[in-house]
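A short worksheet on the structure shown next.
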Amino acid sequence: MKFLDQAKVYIRSGDGGAGSMSFRREKFIEFGGPDGGDGGRGGDVWVEAVDGLNTLIDYRYQQHFKAKTGMHGMGRNMT
Numbered sequence: 648m649k650f651l652d653q654a655k656v657y658i659r660s661g662d663g664g665a666g667s668m669s670f671r672r673e674k675f676i677e678f679g680g681p682d683g684g685d686g687g688r689g690g691d692v693w694v695e696a697v698d699g700l701n702t703l704i705d706y707r708y709q710q711h712f713k714a715k716t717g718m719h720g721m722g723r724n725m726t
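Under our numbering, the first residue of the sequence shown is numbered 648, with each subsequent residue one higher.
This is the structure in structure tokens:
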């Protein structure tokens with residue numbers, strides 16, 4: 648069995664969600680104006696050390712870690 652003492656790992660937080668471009672539409676309001684919502688926040692990344700790990704061989708094959716993208720914006724000023 649091969650033992651590794653060092654591992655190069657690439658970690659990236661999630662991208663923020665895309666905002667929404669929409670306009671307010673109601674019956675008696677002629678020029679409603681914009682009402683699109685902002686995009687959500689991107690995901691966070693946490694790195695946690697483990698006591699009983701003897702080798703870093705698992706991180707030789709999976710080196711890239713990325714958090715999820717935030718939610719997209721919606722109409723009516725909703726995020």
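For every residue, glycine included, the Cβ atom is placed at its ideal position computed from N, Cα and C.
Given the structure is predicted, the values throughout are model-derived calculations rather than measurements.
query, result
"Per-residue burial, residue 667 [other beta carbons within 10 Å of its own, 16 or more giving buried]", "buried"
"Member of 698, 664, 714 whose CA lies at the smallest distance from the CA of residue 690", "714"
"Nearest to residue 655 (by Cα), restricted to the options 711, 719, 721", "711"
"Extent of the continuous beta strand (DSSP E) run through residue 659", "657-659"
"Distance, residue 716 Cα to residue 696 Cα", "25 Å"
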